[in-house]
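First comes the structure, then the notes that go with it.
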Amino acid sequence: MLKMRTIVLSLSLILSTFAFSASGALADNSTPTYSYVLELDEEAIGEISDDPSAPQTALNSAIKVIRARIDATGQSAATVEANEDRQIVISIPFEHDRDELMDLLGIGTTLEFGVVGEEILPGDPLPSDLPAGTRILPMPDGLPSAKVRIIDGLDGSRIEEARAGFDARSDEAVVNLSFDEEGKRLFGAFTAANVDKKIAVILDGKVITVPIVREPILGGHVQISGGFTYESANELAIMLRSGSLPVPITLVEERVLN
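What follows is the structure, encoded as structure tokens:
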């Protein structure tokens with residue numbers, strides 16, 4: 027009788043273990059893993075450097091930036107790694123907003139600052155002899171295009187911190203920036219030399235806001251507004267603090283596993 031009980035108990039344990047394993051397997055299978063394969067622009071890498079190690083350096087840099095961007099959204103379970111074809115493979119083992127992810131990955135965010143100069147009214151001939159570093163850019167809010175002299179060296183690479191928040195007076199969503207020491211020096215000199223002038227905050231080649239400098243800003247802290255929602259301000263902050271991608275990337279394959 028004892029032997030029979032032992033057999034029955036053992037069989038029960040085996041069945042229980044199998045049931046647990048099977049339910050675990052079913053749970054794993056019910057949660058798909060989303061795989062995205064990205065390629066770096068090889069031509070752009072060649073334009074940056076002809077060093078034989080440049081492709082691998084660009085790949086490592088891109089993986090670091092993408093990893094930082096994904097981690098900043100709280101999706102730490104995702105993996106980002108290179109495959110044997112020098113592509114970047116992102117695996118995300120849970121449901122997520124695909125379009126939001128693509129936006130986060132695909133924007134090679136470039137932040138610049140410039141001094142707004144002469145307006146170019148509709149119908150005016152475009153000048154053909156612009157000084158070096160000067161562009162004609164459309165202004166926001168329907169204002170006429172204008173010449174903008176870009177400030178050399180003062181860009182997103184000088185950002186030490188970037189966080190989304192709300193303006194205390196208008197309750198508008200904003201991005202609060204802090205520059206590193208060199209950025210603080212450059213921005214302080216830039217604003218000191220342009221008191222009572224309009225400056226352009228330029229994101230990916232588009233002027234998003236044109237504040238007037240009332241006094242030198244020497245502390246290295248800047249607030250950027252531009253019709254953001256909190257979500258878009260947070261997305262921009264993530265990309266600014268994670269750095270720019272070294273070259274453009276392209277999605278070449280996506281699959282749902284399990």
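The sequence shown begins at 27 in the numbering used here and counts up by one.
Note that beta-carbon positions come from the ideal geometry of N, C-alpha and C, so glycine has one too.
By DSSP's criteria, residue 108 is part of a beta bridge. Which residues make up the other side? 114
Exercise. Is any beta-carbon of chain C found at less than 9 Å from that of residue 174?
Worked result: Absent from the structure is chain C; it holds one protein chain and no more.
4-residue-minimum alpha helix (DSSP H) runs that sit fully inside the stretch 193-274, ordered along the chain = 207-218 and 256-268
*Whose C-alpha, out of 68, 269 and 82, is nearest the C-alpha of residue 183?*
269
Point to revise | Within 9 Å, strictly: CB atoms of residue 196 and residue 247 | key: no
* Asked: In terms of residues, what are the limits of the beta strand (DSSP E) holding residue 161?
  -> 160-163
Legend entry - CA nearest to the CA of residue 137, picked from 176, 118 and 191: Comparing alpha carbon positions, the residue from 176, 118 and 191 closest to residue 137 is 176.
Query raised in the report: Could you give the distance in angstroms between the alpha-carbon of residue 143 and the alpha-carbon of residue 240?
Result: 17 Å
Would a C-beta distance cut-off of 9 Å place residue 117 and residue 199 closer than the cut-off? Going by C-beta atoms, residue 117 is not nearer than 9 Å to residue 199.
I need the DSSP call for residue 98, collapsed to helix, strand or coil.
Residue state, collapsed to three classes: helix.
task = May I have the straight-line CA-CA distance separating residue 226 from residue 122, to the nearest angstrom?
result = 35 Å
Rounded straight-line distance, which links the Cα of residue 109 to that of residue 62 = 12 Å
Over what stretch of residues does the alpha helix (DSSP H) that includes residue 69 continue unbroken?
Here the alpha helix (DSSP H) through residue 69 covers 68-74.
**Study point:** Of the listed residues 131, 159, 64 and 165, nearest to residue 147 (C-alpha basis)
**Key:** 165
From 281, 76, 190 and 150, residue whose alpha carbon lies closest to that of residue 267
It is 190.
Under 9 Å between the Cβ atoms of residue 131 and residue 272? no
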